[in-house]
Amino acid sequence: MCFLYGLLFKLYSLFYLISLYLSSRHCKFLFVPQYTTKMAARYPSGIQTSRVSPAYLHGNSTSHTWAFSAVAELIDNAYDPDVNASEIWIDQRLIDNKVCLTFVDNGNGMTPDKLHKMLSFGYCEKDKFASGKHQAVGQYGNGFKSGSMRLGRDAIVFTRQVNTMSVGLLSQTYLNNINAQTVLVPIVTWNLPDKRRKPTPDMAHNLRAICQHSIFKTEKDLLEELDVMEKLRTGTKIMVYNLKRKENKVLELDFSSDPHDIRNPETHMMDFSTINRATTDHIPAYMVSLREYCSILYLKPRMKIVLRGKKVKTKLIHKSLSQTETDVYKPTWAPKPIPIKFGFAPRKNYKDYGVMLYHKNRLIRAYEKLGYQKQPNELGLGVVGVVEAYFLTPTHNKQDFNKDEKYNALISSVSLKLNDYWNEKRGSGVVLGTQPAQVVANVNPDWTWAQCDNCLQWRRLPIQFRSEDLPDKWYCHMNPDAQFNRCDIPEEPEDEDESLHGPTYKKTFKKIQNEKKMRLKMMEVNQQRAREMALQAREQALRQQEANQIKGSPQSQKVSSSQEKKSESAQMNKMMAELDKFKKQAERQQRIIDQLQSRKRKVNANIEKVASGLDTDSLLESVAGSSPRAVSSTSSKDNESICIKTEDGDVVAVIPCNEPSSSSDNDIVDLTLDDEDLEASTSKKPKISSTNQEPKPDISKIKIEKDVISCNHDIGTQTTERSKGCTRDCGKKIEEGKKHLTELQRKVFKLLKIIVPDEDIGTPDGVEEIVTEMIKHNQPS
Numbered sequence: 000m001c002f003l004y005g006l007l008f009k010l011y012s013l014f015y016l017i018s019l020y021l022s023s024r025h026c027k028f029l030f031v032p033q034y035t036t037k038m039a040a041r042y043p044s045g046i047q048t049s050r051v052s053p054a055y056l057h058g059n060s061t062s063h064t065w066a067f068s069a070v071a072e073l074i075d076n077a078y079d080p081d082v083n084a085s086e087i088w089i090d091q092r093l094i095d096n097k098v099c100l101t102f103v104d105n106g107n108g109m110t111p112d113k114l115h116k117m118l119s120f121g122y123c124e125k126d127k128f129a130s131g132k133h134q135a136v137g138q139y140g141n142g143f144k145s146g147s148m149r150l151g152r153d154a155i156v157f158t159r160q161v162n163t164m165s166v167g168l169l170s171q172t173y174l175n176n177i178n179a180q181t182v183l184v185p186i187v188t189w190n191l192p193d194k195r196r197k198p199t200p201d202m203a204h205n206l207r208a209i210c211q212h213s214i215f216k217t218e219k220d221l222l223e224e225l226d227v228m229e230k231l232r233t234g235t236k237i238m239v240y241n242l243k244r245k246e247n248k249v250l251e252l253d254f255s256s257d258p259h260d261i262r263n264p265e266t267h268m269m270d271f272s273t274i275n276r277a278t279t280d281h282i283p284a285y286m287v288s289l290r291e292y293c294s295i296l297y298l299k300p301r302m303k304i305v306l307r308g309k310k311v312k313t314k315l316i317h318k319s320l321s322q323t324e325t326d327v328y329k330p331t332w333a334p335k336p337i338p339i340k341f342g343f344a345p346r347k348n349y350k351d352y353g354v355m356l357y358h359k360n361r362l363i364r365a366y367e368k369l370g371y372q373k374q375p376n377e378l379g380l381g382v383v384g385v386v387e388a389y390f391l392t393p394t395h396n397k398q399d400f401n402k403d404e405k406y407n408a409l410i411s412s413v414s415l416k417l418n419d420y421w422n423e424k425r426g427s428g429v430v431l432g433t434q435p436a437q438v439v440a441n442v443n444p445d446w447t448w449a450q451c452d453n454c455l456q457w458r459r460l461p462i463q464f465r466s467e468d469l470p471d472k473w474y475c476h477m478n479p480d481a482q483f484n485r486c487d488i489p490e491e492p493e494d495e496d497e498s499l500h501g502p503t504y505k506k507t508f509k510k511i512q513n514e515k516k517m518r519l520k521m522m523e524v525n526q527q528r529a530r531e532m533a534l535q536a537r538e539q540a541l542r543q544q545e546a547n548q549i550k551g552s553p554q555s556q557k558v559s560s561s562q563e564k565k566s567e568s569a570q571m572n573k574m575m576a577e578l579d580k581f582k583k584q585a586e587r588q589q590r591i592i593d594q595l596q597s598r599k600r601k602v603n604a605n606i607e608k609v610a611s612g613l614d615t616d617s618l619l620e621s622v623a624g625s626s627p628r629a630v631s632s633t634s635s636k637d638n639e640s641i642c643i644k645t646e647d648g649d650v651v652a653v654i655p656c657n658e659p660s661s662s663s664d665n666d667i668v669d670l671t672l673d674d675e676d677l678e679a680s681t682s683k684k685p686k687i688s689s690t691n692q693e694p695k696p697d698i699s700k701i702k703i704e705k706d707v708i709s710c711n712h713d714i715g716t717q718t719t720e721r722s723k724g725c726t727r728d729c730g731k732k733i734e735e736g737k738k739h740l741t742e743l744q745r746k747v748f749k750l751l752k753i754i755v756p757d758e759d760i761g762t763p764d765g766v767e768e769i770v771t772e773m774i775k776h777n778q779p780s
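Residue numbers 0 to 780, in numbering that gives the first Met the number 0, belong to the letters of the sequence shown in order.
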């Protein structure tokens, strides 16, 4: 047994020496005892761990088709809450005849274990440090590896904390030199404040690997770089070297054109959404200039960026617009409405327009052309929209979103709202084909905002200040507003902090357009109806013409005979109606004649009294009572008159009588009334019973009337013979009676002309015969 134990101990010692040799040769620190012990405790024996090929570093970096997106990944690492840097310096250095791109921040630094996870894949613990106002941008644990390897082949990291400082190397050159089969990352750590390396066997091998295969050849060089960071106390420095070059061996990034900027003139990013626009050849400034890109990288910047010794003037993109308005997107799955800011870009950057899509304060899509802006015209030119799309999922390179249902719904809604904003602010006033500069209003932003270099808080300045006139370093005490001129004063609340339930402006354009569409639609409907009616009329005319052409056919004769029968029945009905009307007129005439006969009988009675020896004065009074003057006389109680009124209002006959009247008013027969009205008026008077009614006079009495009036003398031949026995006054009054009778005949003639205007009744002298015939016709047989 002792022999076996001794043999096992010798084998273990041999294995330990072999592992030391391999670690010193290839820096495979995973074989160092401390790491093998941890792995043995975690994983079952005999199961192999997965390896990462060195070629994966290059393949992983190709997700960034644009160099500035790789730079943004390294800036994000400093911005995230686990590092929480307030300032980052980006510059270019020449070390060991190699151009290096450096990133230095004043964040919290990293421990050796955290540095190891940073150089590994898939480790992300940023959410542990996130807060409500400061969300972590990184979430996949891949940003540093993909970003650094996209810019160059090698990257070395210096980090400093309060108690330790470390150096780590991620190098494709190193892995190729040692023909590594997996990714190896040598790490060296020094304790503070004595700056001594940790006394572990693997540290010497890691240090040797870094010094042999990096741009720093000695430990002293490494410590000098860490000493420079001593002024920051804590922080991280990333140096990327062996930068990517183009086919002509020229560096991809341009460090010489602008001493205060890094440019990328030959960007591979192309915007295919506006391929038909006149501004297609224009490349947005943020795609060429790193300074411009950093100025809009964050929706609300909380970190100061210094690019090649000059501070980047970061801006609140939604606060740097003119005619700013807010609309609201209300998806059913969102807990609260999502504000969408719209405004016009400054005139100097009028070609940089579109929708800015941010996610957790980080720019994902810049100047996305939506709505009108995709059309080959000037509609939507200069409009900038800003959306904080925290509910979407960005891709691994943080340059786009996953095209899911939420993304499509957002893009559709923002497109419509951008069109509404353009319609309200510009409407139909833009003439297609005008110069783009004429479309964009030459106005300054609504407000000017400045960020304090000390507290990094944003302050709103009065309107007379312009951002171009502000100094590179601006502090709160420079603010003319006394309420916000100290760093200990919180920022003033912004619009997005308030709950919005609707747009901040009225959308009247769409309503007016809808009304116009309705009017046009109504006009079209009316025109369509008019056309249909015209077609129907034309069709009816054609049918009538066709009917006339085939009228001689037997069928048409049958149709015509039936139509003739219908017309004959209609004419018969019409004749019957007219006959009824004539009957009613005859009945009315009969009533009038009856009234005349009654008055005549009264006259005859008076004449008989005169013939039997009455005073001639009575006769004169009776004759005088028939004069027109007696109509208006109401003093005599025995004088009653009947007036026959024509349609024009004239009295055509007055026949006096000596019988007392039942009423004080004269009886007026109004011929202007219709038959129904006359019957109604006559029905109100009491009717004379048939027993008391006098019989109709005989025809012979009509002729006697003449003789009686002439005092029983013949008016023609016997007047001279009988006049000798009469007084001189009697003859005079007889003459007056004759005149009265003639007048009566004339008026009766006039009356008959009114009653039967269409009949020829001769002259007034023949009225007697006509009346006689009428009486005969109406007498019962």
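Note that beta-carbon positions come from the ideal geometry of N, C-alpha and C, so glycine has one too.
Keep in mind it's a predicted model, so treat the numbers as computed, not measured.
Are the beta-carbon atoms of residue i and residue j separated by less than 8 Å?
i: GLU148; j: HIS212; result: For the sequence presented, residue 148 should be read as Met rather than Glu. No, the pair does not count as a contact, with Cβ atoms beyond the cut-off.
i: VAL136; j: ARG361; result: yes
i: VAL151; j: VAL239; result: According to the sequence as given, residue 151 is Gly; it is not Val. Taking 8 Å as the Cβ cut-off, GLY151 and VAL239 qualify as a contacting pair.
i: LYS236; j: HIS281; result: no
i: LEU100; j: PHE143; result: no
i: LEU417; j: PHE508; result: no
i: TYR366; j: TYR389; result: no
i: ILE186; j: PRO111; result: yes
i: ASP81; j: PHE128; result: yes
i: ASP253; j: ARG262; result: yes
i: ARG159; j: THR64; result: no
i: GLY167; j: VAL182; result: no
i: VAL385; j: HIS317; result: yes
i: VAL98; j: LEU242; result: yes
i: ILE760; j: LYS749; result: no
i: CYS486; j: ARG458; result: no
i: THR313; j: GLN450; result: yes
Are there 16 or more other CB atoms within 10 angstroms of the CB of residue i, so buried, or fewer, so exposed?
i: LYS397; result: buried
i: GLU497; result: A caution first: GLU497 carries a pLDDT of 48, below 50, which makes its placement in the model too unreliable to give a value.
i: TYR122; result: exposed
i: SER412; result: buried
i: GLN434; result: Residue placement at GLN434 cannot be trusted, given a pLDDT of 48 that sits under 50; what the coordinates show is reported in the next sentence. Under this definition GLN434 is an exposed residue.
i: MET575; result: exposed
i: GLU223; result: exposed
i: SER688; result: Below a pLDDT of 50, predicted positions are generally treated as unreliable, and SER688, at 39, falls in that range; the measurement from the model is reported next regardless. Counting Cβ neighbours within 10 Å, SER688 comes out exposed, since fewer than 16 surround it.
i: GLY370; result: buried
i: MET521; result: exposed
i: MET109; result: buried
i: ASN107; result: buried
i: ALA536; result: exposed
i: LEU677; result: With a pLDDT of 44 at LEU677, under the threshold of 50, the modelled position of this residue cannot be trusted; read the value that follows with caution. So LEU677 ends up on the buried side.
i: GLN539; result: exposed
i: LYS37; result: Note that LYS37 has pLDDT 43, beneath the 50 cutoff, so the model's placement of it is unreliable and the number below is only indicative. It is exposed - the Cβ of LYS37 has fewer than 16 other Cβ atoms within 10 Å.
i: GLY379; result: buried
Below 8 Å on the Cβ atoms is my contact criterion, and I expect residue i with residue j to pass it. Report the Cβ-Cβ distance as a whole number of Å.
i: SER165; j: LEU114; result: 5 Å
i: SER85; j: LEU455; result: 6 Å
i: SER321; j: PRO444; result: 5 Å
i: ILE304; j: ILE155; result: Contact doesn't hold; Cβ gap of about 22 Å is too wide.
i: THR325; j: PRO338; result: 5 Å
i: PRO763; j: ARG745; result: 5 Å
From the DSSP secondary-structure annotation, give me the bridge partner or partners of residue i.
i: ALA154; result: LEU169, VAL239
i: ILE337; result: TYR328
i: TYR357; result: LEU362, GLU387
i: GLY830; result: A question about residue 830 goes unanswered here, because the residues of the chain that appear run from 0 up to 780.
i: PRO164; result: Note that residue 164 corresponds to Met in the displayed sequence, not to Pro. Looking at the DSSP assignment, MET164 forms a beta bridge with ARG159, TRP189.
i: ALA569; result: Beta-bridge pairing links ALA569 to no other residue.
i: ILE788; result: Since the first residue shown for the chain is 0 and the last is 780, residue 788 is missing from the structure and cannot be characterised.
Check whether chain B comes within 8 Å of residue i, counting only Cβ atoms and requiring the distance to be less than that.
i: PRO111; result: Checking the listed chains, one finds no chain B in this structure; it contains a single protein chain.
May I ask you to check if the CB of residue i is nearer than 7 Å to at least one heavy atom of the ligand GDP?
i: PHE390; result: For the structure depicted, the ligand GDP is absent and the ligand set is empty, with no information on it obtainable.
**Asked** In chain order, which beta strand (DSSP E) runs of at least 3 residues are fully inside the segment 270-335?
**Response** DSSP runs (the beta strand (DSSP E)) wholly in the segment 270-335: 303-306, 321-328.
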